[in-house]
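Peer 1:
There are 2 protein chains.
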Amino acid sequence: MHRLDIDLGERSYPILIGPGLLEDADLLEGAVAARDVLVVTNETVAPLYLERLKRGLAGRRVAAVSLPDGEQHKTLGTLALVFDALVEQRMNRDACVIALGGGVVGDMAGFAAACYQRGVDYVQAPTTLLAQVDSSVGGKTGVNHPGGKNLIGAFHQPRAVVSDVGTLRTLPPRELRAGLAEVIKYGLIADEGFLDWIEAHLDALLRLETAGIVHAIRRSCEVKAGIVAEDEREHGRRALLNLGHTFGHAIETATGYGEWLHGEAVAAGMLMAADLSHRLGWLEAAHVERVSSLLVRAGLPTTAPRIGATRALELMGMDKKVLAGRIRLVLMRRLGEGLVSGDYPADALRETLVAHFGEAA
Amino acid sequence: MHRLDIDLGERSYPILIGPGLLEDADLLEGAVAARDVLVVTNETVAPLYLERLKRGLAGRRVAAVSLPDGEQHKTLGTLALVFDALVEQRMNRDACVIALGGGVVGDMAGFAAACYQRGVDYVQAPTTLLAQVDSSVGGKTGVNHPGGKNLIGAFHQPRAVVSDVGTLRTLPPRELRAGLAEVIKYGLIADEGFLDWIEAHLDALLRLETAGIVHAIRRSCEVKAGIVAEDEREHGRRALLNLGHTFGHAIETATGYGEWLHGEAVAAGMLMAADLSHRLGWLEAAHVERVSSLLVRAGLPTTAPRIGATRALELMGMDKKVLAGRIRLVLMRRLGEGLVSGDYPADALRETLVAHFGEAA
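As you go down the protein sequences, you meet chains C and G in turn. Numbering follows this note's numbering, with no gaps: position 48 of the first sequence is 48. Numbering follows this note's numbering, with no gaps: position 133 of the second sequence is 1133.
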């Protein structure tokens, strides 16, 4: 078991990574201080791992609520089910919410914990690669609004993250690949050496070899945690983590949440960011090709739907990261070094959008 | 205009108290930094004060959402209307939410501001005495759940509080009296001299004489702010502010939200706290009588509904301030000095409950 400590002063917490952690009673005794626990999970994950986690939590009062599975259910309406369960089980301020599932479960369980009685503890037990490398680090929680993703939420840090890599064996391969998109992202924005390592070990990662997977998760969390620690409330550098996301949001919104996986949209979006970075003279054509071929090897999509550049721009404009009307994008100065900029020629962005989304209708 | 500065480090803010503030453009220019504003109000207050506030905010982009009036609408469902308005108006992270109304509007607008894009600014413009002396100070925001009041919420400090005492002229007298219950509370828990002052100036307060009202609001906010500053996240001393509230919650829950005003339930509850403090030997019978007669002079109820001691205890047990199953109550060591204690004989509490709620059915 590997342990990574996230240093956030009073809100510091450990990330524990390894196989078999969900039923490791000794480990959970340290990670979950509360005696009253509500496990928030979903209908897909519950049959696979809920009983296992309950065994690991033996000796506590454990209740569970199972939510419908899917990003389309990440709403205030579904969130109310978690509040109902907390109230029905008479959970008090000393209770702990455990999120057992992917990013959607984590975001909702974390937001419910942030709001219930104005804040109770929560622990993340992510069961997807995406959640293990991304959404379980950084303290962002929330739900979607019909007008946009994650428009309603809170910053609320977990008390611990318990990443049982054994759960990846039941993850659909498509979701594993979507998680790898975020792993690749960390290489692109912050660590060229890690990017090299991913290229060298991609086949082992796709085969879920434990040592490789644990390293990929650990290094991803380290990169993300380093950035988050510098900028907990997302005023500056943290925006780097959104490489590919603004482009990707346009894809997700145009196709309706759920058709494209988040990581898939991010993959296609990262290639667009590389394309624009090339047009601005920062990346060479060979670098863009290197990004593209790594994404293809990882089985990720690199071709956006042909919704047209104008529609794509409009959808990017509604993205919540817009600063006073100006679209700031995460680009790459070189492979392994991201930057956030709103200072680029509008034509260059338009060329990238036309190349990937097609001409305006 | 009187100004009271609440010192909370980075989150410090001013409370501005006086007549005519809602249409004072110069004052609002200082208090509301944002250029994009969503005013959250309700169907009762909007016709009285919304246009006035909009005049005061001239030069900004101002949108408004009017909620149904009443505690029974302080729900996640009503909150969604505020999120809908924020999204529809394309308010971004630099926007400001202004709460124009009483405590219910303030709690919901503040909670929406806490969650929208994980936190935008908000300013309180309270139009009831209760909101001016209580709910606009302290940073508590939230909504009710069918299982209990304020079970879902956040701590989110306003950027400013603009208390226009002119709005009290349109307040129903019953609500004015309910606000006075909280003013009396500050005297009881923290300042015997202020209690003397209230007794001497009660008639002037009931007549809404400006100088008296401004002093009552200012001193109430000072007492509350002093306690909150010591204990922003409600781990200890802040509980003093709940004098009468745990008893009062039982009344409000038993009768359904809305029949008793919050301040009315607190008034009856404060008398119960005085009664129990007397049974514990801390207050003399004459002190309890003094509390009772002040509440009666202020036109507040001192007689609880006869729901029976057992039912009352059960309803108090579901109160969210319960610490690991034990009911901690705010009591009075003497007039002007509150204390929080779970260390009292169960029989004494039972005697108080029987005296006020009647025998068990």
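All C-beta atoms in this analysis are idealised placements derived from N, C-alpha and C, irrespective of residue type, glycine included.
#1: Applying the criterion that 16 or more other CB atoms from any shown protein chain within 10 Å of the CB defines a buried residue, is G1236(G) buried or exposed?
#2: At which residues does the beta strand (DSSP E) containing T302(C) begin and terminate?
#3: Locate the beta strand (DSSP E) running through T1041(G), then write down its first and last residues.
#4: Please confirm if the stretch 145-161 of chain C is in contact with the stretch 1099-1119 of chain G, defined as three or more CB-CB distances below 8 Å between the two stretches.
#5: Excluding the 5 residues preceding and the 5 following V137(C) in the sequence, name in chain order all residues of the same chain whose CB lies nearer than 6 Å to its CB.
#6: Using a Cβ-Cβ cut-off of 8 Å (strictly less than) and excluding sequence neighbours within five positions of Y1344(G), which residues of its own chain qualify?
#7: Quick one: which unbroken beta strand (DSSP E) runs of 3-plus residues sit fully inside the stretch 128-195 of chain C? Chain order, please.
#8: In chain order, what residues of the same chain lie with their CB nearer than 7 Å to the CB of Q157(C), ignoring the 5 residues before and after it?
#9: Runs of 4 residues minimum, wholly inside the stretch 231-317 of chain C: which ones carry the alpha helix (DSSP H) assignment?
#10: Please look up how many angstroms separate the CB atoms of S1163(G) and I1017(G), rounded, as I've assumed it's under 8 Å.
#11: Within 8 Å, do at least three Cβ pairs link the stretch 1060-1070 of chain G to the stretch 1179-1190 of chain G?
#12: Determine the DSSP secondary structure at M108(C), reduced to helix, strand or coil.
#13: Going by DSSP, which residues form a beta bridge with H1002(G)?
#14: May I have the straight-line CA-CA distance separating H1245(G) from Y116(C), to the nearest angstrom?
#15: Is L1206(G) near L1176(G), with beta carbons less than 9 Å apart?
#16: For P1146(G) and chain C, any beta-carbon pair shorter than 9 Å?
#17: Measure the C-alpha to C-alpha separation of V1082(G) and E23(C) and round it to an integer number of angstroms.
#18: Kindly indicate which three-state DSSP category I217(C) falls into: helix, strand or coil?
#19: Cα separation between T41(C) and L243(C)?
#20: Can you pull the chain C residues whose beta carbon is under 8 Å from the beta carbon of K1140(G), in chain order?
#21: Under a CB-based cut-off of 9 Å, is G308(C) close to chain G?
#22: Whose CA, out of A46(C), T302(C), R219(C), S293(C), lies closest to the CA of W260(C)?
#23: Note down, in chain order, all residues in the stretch 1150-1176 of chain G with a beta-carbon under 7 Å from any beta-carbon belonging to chain C.
#24: Relative to chain G, which residues along the stretch 84-113 of chain C have a C-beta separation below 9 Å, given in chain order?
#25: I'd like to know whether the C-beta of L1079(G) is nearer than 9 Å to at least one C-beta of chain C.
#26: Please report how far the alpha carbon of L1129(G) lies from the alpha carbon of P1173(G), in whole angstroms.
#27: Buried or exposed: where does S293(C) fall if 16 or more other Cβ atoms within 10 Å of its Cβ makes it buried?
#28: Please go through the stretch 1321-1359 of chain G and give each complete beta strand (DSSP E) segment of 3 or more residues, from N-terminal end onward.
#29: Please name the residue in L271(C), G212(C), R159(C) whose C-alpha comes closest to that of A99(C).
#30: In chain C, what lies closer than 8 Å to L1313(G) by C-beta?
#31: Would D1107(G) be called buried (16 or more neighbouring beta carbons within 10 Å of its own) or exposed?
Peer 2: If we stick to the structure as given:
#1: With fewer than 16 other Cβ atoms within 10 Å, it is exposed.
#2: From DSSP, T302(C) is part of no beta strand (DSSP E); its letter is neither H nor E.
#3: 1036-1042
#4: Touching, yes, given that three or more Cβ pairs across the two stretches are closer than 8 Å.
#5: C221, K224, A225
#6: L1276, L1280, L1329, L1331
#7: 140-145, 148-155, 160-164
#8: L8, R11, Y13, G139
#9: 245-255, 262-279, 285-297, 309-317
#10: 5 Å
#11: no
#12: If DSSP states are grouped into helix, strand and coil, M108(C) belongs with the helices.
#13: I1017(G)
#14: Their Cα atoms are separated by approximately 19 Å.
#15: yes
#16: Under the 9 Å criterion on CB atoms, P1146(G) is classed as interfacial with respect to chain C.
#17: Near 42 Å, if we compare the C-alpha coordinates of E23(C) and V1082(G).
#18: helix
#19: 29 Å
#20: R118
#21: No, no contact with chain G.
#22: T302(C)
#23: Contact annotation: in the stretch 1150-1176 of chain G, residues whose CB is within less than 7 Å of a CB in chain C are L1151, I1152, G1153, A1154, F1155.
#24: D84, L86, V87, E88, R90, N92, R93, D94, F111, A112
#25: The Cβ of L1079(G) sits closer than 9 Å to at least one Cβ of chain C.
#26: 11 Å
#27: exposed
#28: 1329-1334, 1337-1341
#29: R159(C)
#30: Within chain C, no residue comes near L1313(G); the closest Cβ sits about 15 Å away, beyond 8 Å.
#31: buried
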